[in-house]
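First the structure, in the form of structure tokens, and then the observations on it.
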Amino acid sequence: MQVAFDALLPLGDHVPAAVLDAAVPGVVWDSAETGGMALESGDEAAVRALWATHGPVQGPDPTQPVPGTYPETAVVRVTANRYERDPEARRACIAHRGSSCAACGFSFELAYGELGKDFIDVHHVVPAAQLGGGYQLDPLTDLVPLCVNCHAMAHHGVNTPRTQAELRQIMATAGYLRGTTVAPEEIEAQRVAREILGK
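With this note's numbering applied, the sequence shown has no gaps in its numbers, which climb one by one up to 200 at the end.
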């Protein structure tokens, strides 16, 4: 009998030899020589049952549509303007301001190592669409590095993007401090303190 399995279990999650011994006695399961060994045809059902209970959790059938997905007829074509960016201006901005987010301080390089080195969105303080064709961009004053989350929040729901100072204020009001999250109890204590101080 040959049994082909479609997955390997991570080290530590393997089926213990004692469980294999109990299901299929007479086989030395904890030997280095067990790879590729032949089993009796009557043992197939026991091995398959063990794999069903001790093997990886089966996910949804990949051939079936995921519940809640849209049919192909629900696709809508959207046209948008894309403004070409100057890679030299981006490099100058990062060289001047660094590659950490100017609003929250997140660093892709610290979080992801070499993969995240110099990875950061560069945000136009004034949107490129509003600058006009003859505007001479100053990468040191007109551009600022923002992580993708802060960049999205800078533009979310407004015509004029929020500044990094506004983003920091919004995060501080919500209880976020650079590199940490403040507990709800601490936010309440801050509110009570402001109330006591009349602010």
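We treat Cβ as the ideally placed atom computed from N, Cα and C, and that holds for glycine.
Please read these numbers as outputs of a predicted model, since none were measured by experiment.
Residue j beta carbon less than 8 Å from that of residue i
i, j, result
"Gly99", "Pro146", "yes"
"Cys151", "Ala104", "yes"
"His124", "Ala96", "no"
"Ala47", "Ala19", "no"
"Leu51", "Val16", "yes"
Same chain, Cβ closer than 6 Å to residue i, five either side skipped, listed in chain order
i, result
"Asp143", "Val126"
"Glu196", "none"
"Cys94", "Val123, Pro140 and Leu144"
"Asp44", "Val25"
"Ile188", "Gly176"
Straight-line Cα distance separating residue j from residue i
i, j, result
"Leu111", "Val28", "50 Å"
"Met2", "Gln65", "Residue placement at Met2 is poorly supported in this model, since its pLDDT is 49, which falls under 50; the coordinates still yield a value, given next. Each residue's alpha carbon lies about 31 Å from the other."
"Arg92", "Gly134", "21 Å"
"Ala190", "Gly176", "11 Å"
"Phe120", "Gln137", "25 Å"
"Pro57", "Pro26", "23 Å"
"Asp62", "Asp22", "32 Å"
"Phe107", "Arg86", "23 Å"
"Ala39", "Arg49", "15 Å"
"His55", "Val76", "41 Å"
"Gln165", "His157", "13 Å"
"Glu186", "Gln170", "19 Å"
"Ala153", "Ala173", "17 Å"
"Arg163", "Leu9", "49 Å"
"Glu41", "Asp14", "25 Å"
From the options, residue whose alpha carbon lies closest to that of residue i
i, options, result
"Gly117", "Val149, Ala50 and Pro11", "Val149"
"Leu168", "Thr70, Leu21 and Cys102", "Cys102"
"Asn160", "Ala129, Glu187, Pro17 and Pro185", "Ala129"
Nonlocal neighbours in the same chain, by C-beta distance under 7 Å from residue i, ignoring five residues either side
i, result
"Trp30", "Ala18, Leu21 and Asp22"
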